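**Q**
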Amino acid sequence: MPLAVLDAVPTPIVWVTPPATVAYANRAARAWLGEGGFGPGVSLRNAWPDLATLLDHAMGGVSVAQRIRGPSARGNGSVRVHVEPCPGPEGGAGCVVSVRIEEGGPADPVVGPACAWDSSGRCEAAENAERLRDVAEAAQEWFWETGPDHRFTWFLCSEILPDDGIRPWRALGMDRAALFDTERESPERIESLQADLDAHRPFRDLTYWMRRLDGEGEARLLRSSGKPRFDARGRFLGYRGAATDITREAEVEARARRAETRLMDALNNMADGFVLWDAEDRLVLWNRAYETLLPELAPVLREGATFDDIIARVVDGRAVVDTGTPGSPVVRVRGPAALEACRAHHGRAKGTLEMCDESGRWLVISERRTHDDQVLTTISDMTWRKRMETELARSEAGLRAFHAITTHPGLRLIERLEEVLALGMSQFGLPNGVIARREGTRPEILAAQGPAFAGIGPPHLPPAHQSYCVEVLRRDGPLAIPDAAVDETWCHHPAWTVLGRRAYLGIPVTQGHERVGTLAFFGSDAHPAAFSDAEIQLLRLMAQWVGGEIARHEAERAQDEALEQALVANRSKTEFLANMSHELRTPLNAILGFSEVMAEEIMGPLGSARYRDYARGIHDSGAHLLSIINDILDVSKIEAGQMVLGEERVALGPLIDSALRLVSGRAAEGGVRLNAGPRDGLVRGDGRRLKQVLLNVLSNAVKFTPEGGWVDVEVMRPGPGADLDIVIKDTGIGMSAEDIAIALKPFGQIDSGLARRHEGTGLGLPLARALTEMHGGRLLIASEPGEGTEVRVRLPAGRIEAGSEPLQGHPAPLAAPSSPPVPQRRARTDP
């Protein structure tokens, strides 16, 4: 410390080296005792005997403070001295003596020349000084004294100070006011503090910023307490007190405050309410959202408020739904039961609690207990979610009802449309619904529900320009108007001003890409809210179904009309052919009879062989024409449902042999071999019609089998209970699957050069199939081009007569020709 500083201190300060020699005395010391008393080299043992004992303790490293008699040169008055160990100028032991001049007061009791000793032999003053140092060391505080002019005269502090801390002794001799950091402390506050000091007022925990005396580093924040001292006559002697450097503590507190501020900012920016309860269930902190969600808590919302005080106001007027923990039942209560439910939920601090007030506002409360037994509570407004859940449930119920309506098998179209309208009116909260088709200047109503259509018919419907339907037909999507009266776009529209339709929800009905009508719902009162997305989606689904259903109904109606016209034409044809059967057959029978008489020359020679040939040609042509007419008439009878089977027992062997004999002539002419396999069996059926089936199939087989080919006929039945097959196989030209389909249609002609070489109308196979099916059987055809054809006339097991021996074997696959194939051409199917 610069000696010039010590010279400025008004307190006498002496620097002593062993054994008790003055090394330095400041100006105040020299003025008090004179240059001779405290001059350099003077031994204090001689100049001030009572100080000698205290010097011995200080040289031993013990600080001592005691009131003793002053030096003899100052008389017998007492002074207070403080002896502090301090190394000498050249190292080694030493001490500093500071003198508090209080002359005239009594000295402290001493034993011997300078101090008292306790029973352990130690100097009590030295013991007190050591205790004071220990306290200062442990407390990290400074003990200080000032004189009447407020200049610091004494400090006691720890020997270990932080690197960035203040060295208090540097303030010795300085006025307190000179220590204030004027950059951080305002002049007004410095003036106020100085006024308190001048008024000799005690102070406690005074905080102020002290500038760094070494001119380096930041200012330090001090906390100081002081008590004024007065002598026996009441004269002010200065202050005595303690001070602490609280800069780090203040920085920690500032960081904590900043962290708390950030935390509160974060909590206050939360949309959910947040509350912290201590272990005694008293309110610690809360955020702004909590106040906003529960404004009724304003009178009681304060730190320290009890949970019961708060929750009582929260529950008032609300229903509580305790969802409990997973697996526990859901309970909905009100009043005292609701209060108890909230207390129980808070006690377990698990799960969620839901509350609903009379306005329909829902709150959900979640709580969790911390490790130190505090409870964190969050509260959220779940009104929107509840509304969405309700809307979803309504939407799901609407979709289920819509599905039930659209899939109901017993409802006619108009009934379905009306049910859809009723569902929409319920879902959308609008009392009227209508499905209209665009038709000129006035819409045509297909279906309508609601009081607006009571007793109204087409003559009384409003023109299209007065309704919203024209606007709807201009759109691709829906038109939603919750309240036309307050909507600038629609408040002047005739639909509102003339028809009084205040709320409206409509959408175009489309078929393909064409807008053909509208589906709409409306009412004379405003809708309570905007139409939801779920309602719009349901409306779209309804419109799509309505458009498709109307299109399907119109297609079915057109098809029914076309079918009815075809049936009428077919009935007319059938009736015509049935009625003409007598008129057609009578002349043909005459032609056949007379031509046969002429060909046989029964009435005598014709005179020329050519006449006989002509007669035979006329007979053959007539027979062929009669066969065609009979086939046409049979088909007509079957289609008209007029053909009746003549049921009888039919032996298949004779039936097949008879059919083979009838086609054997043509087979011989074509060079086709006929083979008959097993053909036993008895069936119940119409023998003449079964023979007609076989003749038609055999005729086709012989007709379309080239020379050198063969035709096989056999009866197959795997065993009792099985169907019976009459199998006819040939090695003819065969058919593709497409050709088979054509051949089975009435008058079907297969475009084949070979087929064109044979006459036919295309009725053989269709008639054979129809007659087989009349017997409950099936006509099965398997064929490949160039590989021949296999036809099975399959009769059901119910037509096989009892006692008929079952035929062993299974229907064989399509057989290959038994002779080398000859060049073939595709044939048409013909009897």
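Position 734, counted from 1, in the sequence shown is what this note's numbering calls 746; the numbers after and before it change by one each time, with no gaps.
No residue lacks a Cβ here, since even glycine has one placed at the ideal position from N, Cα and C.
Computed from a predicted model, the values in this text were never measured in an experiment.
#1: Assuming Leu-694 contacts Leu-807 (C-beta within less than 8 angstroms), just tell me the rounded distance between them.
#2: Measuring alpha carbon to alpha carbon, tell me which of Leu-674, Pro-97, Ile-630 ends up nearest Gly-72.
#3: If you reduce the DSSP assignment to three classes, tell me which class Met-554 lands in.
#4: Could you tell me if Val-510 is buried or exposed, where buried requires 16 or more neighbouring beta carbons within 10 angstroms of its beta carbon?
#5: Using alpha carbons as the reference points, say which of Arg-360, Arg-564, Arg-57, Ala-40 lies closest to Val-28.
#6: Just reading off the alpha helix (DSSP H) that Phe-319 is part of, what are its end residues?
#7: Using the DSSP secondary-structure output, state which residues sit across from Ile-457 in a beta bridge.
#8: Do Ser-392 and Leu-404 count as a contact pair if the criterion is CB distance below 8 angstroms?
#9: How should Trp-154 be labelled, buried or exposed, when 16 other C-beta atoms within 10 angstroms of its C-beta is the threshold for buried?
#10: How should Ala-614 be labelled, buried or exposed, when 16 other C-beta atoms within 10 angstroms of its C-beta is the threshold for buried?
#11: Buried or exposed for Phe-588, please, with buried defined as at least 16 other CB atoms from any protein chain shown within 10 angstroms of its CB.
#12: From which residue to which residue does the beta strand (DSSP E) around Ile-377 run?
#13: By alpha-carbon positions, which one of Arg-486, Ser-639, Ser-711, Ala-278 ends up nearest to Gly-682?
#14: For the alpha helix (DSSP H) that contains Pro-240, what are its first and last residues?
#15: Where does Glu-506 fall in DSSP's three states?
#16: Short check: CB of Asp-499 to CB of Ala-515, under 8 angstroms?
#17: So, is Asp-384 buried or exposed, given that buried needs 16 or more other C-beta atoms within 10 angstroms?
#18: By how many angstroms is the C-alpha of Ala-271 removed from the C-alpha of Asp-210?
#19: If distances are taken between C-alpha atoms only, which option among Asp-742, Gln-761, Gly-744, Thr-743 comes closest to Asp-751?
#20: How far does the alpha helix (DSSP H) with Thr-219 in it reach, from first residue to last?
#21: Can you tell me which of the three DSSP states Tyr-626 falls into?
#22: Excluding five sequence neighbours on each side, which residues of the same chain lie with their C-beta closer than 8 angstroms to the C-beta of Ser-584?
#23: What would DSSP say about Gln-571, mapped onto helix, strand or coil?
#24: Per DSSP, what kind of secondary structure is Cys-368 in: helix, strand or coil?
#25: I need the straight-line Cα distance from Arg-700 to Leu-674, nearest angstrom please.
#26: Rounding to the nearest angstrom, what Cα-Cα distance links Gly-246 and Glu-315 in this structure?
#27: From this set, Glu-303, Arg-294, Ala-291, which residue's C-alpha is nearest Asn-281's C-alpha?
#28: Pull up the DSSP beta-bridge partners for Gln-523, would you.
#29: According to DSSP, is Glu-659 part of a helix, a strand, or is it coil?
#30: Helix or strand or just coil, what does DSSP make of Pro-160?
#31: Using DSSP with H/G/I as helix, E/B as strand and the rest coil, what is Asp-120?
#32: In three-state terms, what does DSSP make of His-539?
#33: Curious, which full-length alpha helix (DSSP H) runs of at least 4 residues does the segment 771-817 contain?
#34: Within a Cβ cutoff of 6 angstroms, which residues of the same chain sit near His-212, ignoring the five residues on either side of it in sequence?
#35: Ile-668 to Pro-730, Cα distance in whole Å?
#36: Distance check for Ala-680 and Ile-630, CA to CA, integer angstroms please.
**A** Reading it off the structure:
#1: The beta-carbon distance between Leu-694 and Leu-807, rounded to whole angstroms, is 11 angstroms. This is too long to meet the 8 angstroms contact definition.
#2: Nearest neighbour of Gly-72 by Cα position, chosen from Leu-674, Pro-97, Ile-630, turns out to be Pro-97.
#3: Met-554 falls in the helix class under three-state DSSP.
#4: The residue is exposed, with fewer than 16 neighbouring Cβ atoms inside 10 Å.
#5: With distances taken between Cα atoms, Val-28 lies closest to Arg-57.
#6: Unbroken alpha helix (DSSP H) run through Phe-319: 319-327.
#7: Answer is Ala-448.
#8: Not a contact, by the Cβ cut-off of 8 angstroms.
#9: That one is buried.
#10: At residue 614 the sequence reads Ile, which differs from the Ala that was named. Looking at its Cβ environment, which holds fewer than 16 other Cβ atoms inside 10 Å, Ile-614 is exposed.
#11: Flag for Phe-588 reads exposed.
#12: That run of the beta strand (DSSP E) goes 374-381.
#13: Answer by Cα proximity: Ser-711.
#14: Counting along the chain, Pro-240 falls outside any alpha helix (DSSP H), though it belongs to the beta strand (DSSP E) covering 232-242.
#15: Sequence inspection shows Pro at residue 506; the Glu mentioned does not correspond to that position. If DSSP states are grouped into helix, strand and coil, Pro-506 belongs with the helices.
#16: A distance of 8 angstroms or more separates the beta carbons of Asp-499 and Ala-515.
#17: Exposed, by the Cβ-count rule.
#18: Straight-line measurement puts the Cα of Ala-271 at about 40 angstroms from the Cα of Asp-210.
#19: For the options Asp-742, Gln-761, Gly-744, Thr-743, the alpha carbon positioned closest to that of Asp-751 is the one of Gln-761.
#20: Here Thr-219 belongs to no alpha helix (DSSP H); instead the beta strand (DSSP E) covers 215-222.
#21: Assigned with DSSP and collapsed to three states, Tyr-626 falls in helix.
#22: Closer than 8 angstroms at the Cβ level, and outside the excluded window around Ser-584, lies no residue.
#23: The three-state secondary structure of Gln-571, taken from DSSP, is helix.
#24: Residue state, collapsed to three classes: strand.
#25: For the pair Arg-700 and Leu-674, the Cα-to-Cα distance works out to about 14 angstroms.
#26: Distance between the alpha carbons of Gly-246 and Glu-315 is about 48 angstroms.
#27: Measuring from the Cα of Asn-281, the nearest candidate turns out to be Glu-303.
#28: For Gln-523, DSSP records a beta bridge to Glu-526.
#29: Coil at Glu-659, not helix or strand.
#30: DSSP places Pro-160 in coil when its eight states are reduced to three.
#31: In this prediction, Asp-120 has a pLDDT of 42, which is less than 50 and means its spatial position is unreliable; nothing more can be read from the coordinates.
#32: Collapsing the DSSP output to three states places His-539 in coil.
#33: Taking only runs of at least 4 residues, the alpha helix (DSSP H) segments lying wholly in the segment 771-817 are 776-786.
#34: The beta carbon of His-212 is closer than 6 angstroms to those of Pro-240, Phe-248 in its chain, skipping five residues each way along the sequence.
#35: Their Cα atoms are separated by approximately 20 angstroms.
#36: Roughly 23 angstroms separates the two Cα atoms.
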